[in-house]
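Residue numbers (my numbering), protein chains in the order written: chain A, 902 to 1209; chain B, 122 to 402.
The C-beta atom is built at its ideal place from N, Cα and C for all residues, glycine as well.
Presented below is the structure to which this report refers.
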């Protein structure tokens, strides 16, 4: 197991390297530079700035230097936020993004799995139709529509929750953003669990369990739940990716100090190091998530464990 | 073949939700084209005597106006036309690329297939949003390139589906017959492989269109897509989200339209998939 895990981890390094390389040259291909402003700088000052940041070197030298610094864990200085390194910027914002993202994914799992199971047990009943209709709504309506609507309803008309803003440790401020963020993955999870549960309920081993006279909750929790969660496990990587994209919107609407804004701003400002730092953070998160899903798979499905 | 399609059509007809969604979708699309005939306001006229006016059916502005006094009814319909156009064209681009790539990888197989699938794996490892952001900053904010860059990232799943289908048919007799009769590889892929994998592609395509409309609106919402004075539903929603407290209808009108559009397309796509795939419970 450990050996397998380490092999996969080592395999992730070249992937990450390719992603960094593609991103480095793509963002450099964009016209303009980090020091373009409304009033153009005198050429001498621009030359000094470019010299200080090494931008006057040939691009391959810059690429080599960037990789060398990266190998030492140094993401470089931000071009736009003076006096901040990319590590500091991401270090400040990441906990906020991580918090809302992980609450959202937990919410999606904790609500989506029971809803899907319940819908499957009450197949073709009103409860089934209602929950599956809601699931379509959750998939179809984008986060940037849902969150303002929620804010309008609960914030402006009912005055129950703040529309936007952030206070450290305040659950009330996080409630609407995390609900909006959790809705799309929640709906997908509910649909996946319902479909796999329906298939399982008619399978021989579940019918045997019922025939033995086991109570419903034992059959579902002890026998059906683990295989029913397999599709959910493979959905987790795209779910994390969609939550990352969603948090970009949610943070900007709700005014949360996460790292989402750096993605668009960094690219628009040609803040090369910041953009690359974001790409690295996000890709690493996705790769690590993929590894965790593999481990989860081995736990959920004994066949995977004994195959090797 | 025809009986399979007849079966599917029968199942689709007996699914009231999917039929209802199709009717709603057709009505919405029709409204974006014939809607301007019912109301004389143009989307780019600034009516300074009615700035941020309430929606009211007896006034000239049925759905109210925005901060600059532009008629929201006209602007929403215009934005919806743009969103639909981008959705259809970008879906077509992603379908063409995905079908071509998937069919070639699946048919050639072996090392080529392995390398081509590895590229897809790497591309899906990169958060797609970065790709689009990079493409928009490289090519500037041209609306034609928006079609391309959205289509360019939407093809990955389609390529996987087509490859899987191609793998399952490439050892069939009719392909072997084509090889034996000396047809070129390109001709076999275009004439024999693609027509036989098109079924699941059609189903997936109906679900691609709403995804791409959503993605375009998302980009426009971030300010990376359609630019003023033009509007798509995403830019209108972004504008409305800023005015939420003082003038909620600026958000509710385009937001509601987009929600209805995506919902109807998704429900219809689901219905179509269920109708064509009898194995789905």
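Can you give the Cα-Cα distance for residue i and residue j, rounded to whole angstroms?
| i | j | result |
| --- | --- | --- |
| residue 1007 (chain A) | residue 1089 (chain A) | 14 Å |
| residue 1086 (chain A) | residue 915 (chain A) | 30 Å |
| residue 1202 (chain A) | residue 292 (chain B) | 32 Å |
| residue 926 (chain A) | residue 983 (chain A) | 23 Å |
| residue 911 (chain A) | residue 1184 (chain A) | 15 Å |
| residue 993 (chain A) | residue 259 (chain B) | 29 Å |
| residue 1141 (chain A) | residue 221 (chain B) | 29 Å |
| residue 1191 (chain A) | residue 1138 (chain A) | 6 Å |
| residue 302 (chain B) | residue 237 (chain B) | 28 Å |
| residue 980 (chain A) | residue 935 (chain A) | 6 Å |
| residue 342 (chain B) | residue 127 (chain B) | 42 Å |
| residue 1012 (chain A) | residue 1024 (chain A) | 18 Å |
| residue 1155 (chain A) | residue 1065 (chain A) | 4 Å |
| residue 299 (chain B) | residue 226 (chain B) | 18 Å |
| residue 269 (chain B) | residue 214 (chain B) | 7 Å |
| residue 1051 (chain A) | residue 1075 (chain A) | 13 Å |
| residue 122 (chain B) | residue 129 (chain B) | Because residue 122 (chain B) sits at a pLDDT of 47, beneath the cut-off of 50, its placement in the model cannot be relied upon, and the following sentence gives the value as read from the coordinates. If I take the Cα positions, the gap works out to 11 Å. |
| residue 151 (chain B) | residue 1111 (chain A) | 53 Å |
| residue 1209 (chain A) | residue 906 (chain A) | With a pLDDT of only 47 at residue 1209 (chain A), under 50, the local geometry of the prediction cannot be trusted, and no value is derived from it. |
| residue 968 (chain A) | residue 953 (chain A) | 18 Å |
| residue 949 (chain A) | residue 966 (chain A) | 19 Å |
| residue 1022 (chain A) | residue 964 (chain A) | 57 Å |
| residue 198 (chain B) | residue 147 (chain B) | 14 Å |
| residue 344 (chain B) | residue 337 (chain B) | 11 Å |
| residue 149 (chain B) | residue 382 (chain B) | 7 Å |
| residue 208 (chain B) | residue 390 (chain B) | 15 Å |
| residue 942 (chain A) | residue 956 (chain A) | 16 Å |
Leaving out five residues before and five after residue i in sequence, what residues of the same chain have Cβ atoms less than 7 Å from its Cβ?
| i | result |
| --- | --- |
| residue 908 (chain A) | none |
| residue 976 (chain A) | 986, 987, 988, 1174, 1178 |
| residue 1061 (chain A) | 1055 |
| residue 339 (chain B) | 355 |
| residue 361 (chain B) | 371, 372, 375, 376 |
| residue 154 (chain B) | none |
| residue 138 (chain B) | 388, 392 |
| residue 310 (chain B) | 224, 225, 228 |
Would you grab the beta carbon distance between residue i and residue j for me? Rounded to a whole angstrom, and I think it's under 8 Å.
| i | j | result |
| --- | --- | --- |
| residue 386 (chain B) | residue 321 (chain B) | That pair is no contact at about 18 Å. |
| residue 203 (chain B) | residue 272 (chain B) | With a Cβ gap of about 16 Å, residue 203 (chain B) and residue 272 (chain B) do not count as contacting. |
| residue 1129 (chain A) | residue 1101 (chain A) | 6 Å |
| residue 357 (chain B) | residue 200 (chain B) | 5 Å |
| residue 1057 (chain A) | residue 366 (chain B) | 6 Å |
| residue 384 (chain B) | residue 1036 (chain A) | At roughly 12 Å, the Cβ-Cβ gap does not stay under 8 Å, so residue 384 (chain B) and residue 1036 (chain A) are not in contact. |
| residue 1053 (chain A) | residue 369 (chain B) | 6 Å |
Starting from the C-beta of residue i, find all residues in its chain whose C-beta is less than 8 Å away, skip the five residues before and the five after it, and write them out in chain order.
| i | result |
| --- | --- |
| residue 937 (chain A) | 1171 |
| residue 933 (chain A) | 1171 |
| residue 917 (chain A) | 1181, 1184, 1185, 1188 |
| residue 290 (chain B) | 296, 314, 317, 318 |
| residue 216 (chain B) | 276, 279, 322, 326, 329 |
| residue 970 (chain A) | 976, 977 |
| residue 1168 (chain A) | 928, 931, 1176 |
Given residue i, which residues of its chain have a CB within under 6 Å of its CB, disregarding the five upstream and five downstream residues?
| i | result |
| --- | --- |
| residue 252 (chain B) | 274 |
| residue 136 (chain B) | 392 |
| residue 1150 (chain A) | 1044, 1045 |
| residue 132 (chain B) | 396 |
| residue 1091 (chain A) | 1013, 1016, 1017, 1036 |
Whose CA, out of the options, lies closest to the CA of residue i?
| i | options | result |
| --- | --- | --- |
| residue 1002 (chain A) | A:1133, A:924, A:1077 | A:1077 |
| residue 1147 (chain A) | A:931, A:1046, A:960, A:1014 | A:1046 |
| residue 1094 (chain A) | A:1110, A:1133, A:1082 | A:1133 |
| residue 1135 (chain A) | A:1110, A:923, A:1097 | A:1097 |
| residue 281 (chain B) | B:270, B:239, B:207, B:306 | B:239 |
| residue 191 (chain B) | B:397, B:350, B:380 | B:350 |
| residue 930 (chain A) | B:256, B:235, B:312 | B:256 |
| residue 212 (chain B) | B:286, B:145, B:334 | B:334 |
| residue 856 (chain A) | A:1200, A:1164, A:1157, A:920 | Past the boundaries of the shown model lies residue 856 (chain A); chain A is included only from 902 to 1209, so the question cannot be answered. |
Quick one: does the C-beta of residue i sit closer than 7 Å to a heavy atom of the ligand SAM?
| i | result |
| --- | --- |
| residue 312 (chain B) | Within the structure as shown, the ligand SAM is missing, as the structure has no ligands at all. |
Within 8 Å of chain A by C-beta, residues of the region 350-380 of chain B in sequence order:
355, 358, 359, 361, 362, 365, 366, 369, 372, 373, 376, 379, 380
Relative to chain A, which residues along the region 134-147 of chain B have a C-beta separation below 7 Å, given in chain order?
none
Closer than 8 Å between beta carbons: that is the criterion. Which residues of the region 922-949 of chain A meet it against chain B?
923, 924, 927, 928, 930, 931, 932
Taking a cut of 7 Å between CB atoms, which residues from the region 1032-1056 of chain A lie near chain B?
1037, 1038, 1040, 1041, 1042, 1043, 1045, 1046, 1049, 1050, 1052, 1053
Contact list for the region 324-339 of chain B against chain A, Cβ threshold 7 Å:
331, 335, 338, 339
Against chain B, which members of the region 1162-1191 of chain A pass a CB distance test of less than 7 Å?
1164, 1165, 1168, 1169, 1180, 1183, 1184, 1187, 1188
If contact means a Cβ-Cβ distance below 7 Å, which residues of the region 902-922 of chain A contact chain B?
916, 919, 920
Note down, in chain order, all residues in the region 187-219 of chain B with a beta-carbon under 9 Å from any beta-carbon belonging to chain A.
none
Along the region 1135-1151 of chain A, where does the CB come closer than 8 Å to a CB of chain B? Name the residues.
1142, 1145, 1146, 1149, 1150
Interfacial residues, the region 253-286 of chain B to chain A, with Cβ spacing under 7 Å
254, 255, 258, 259
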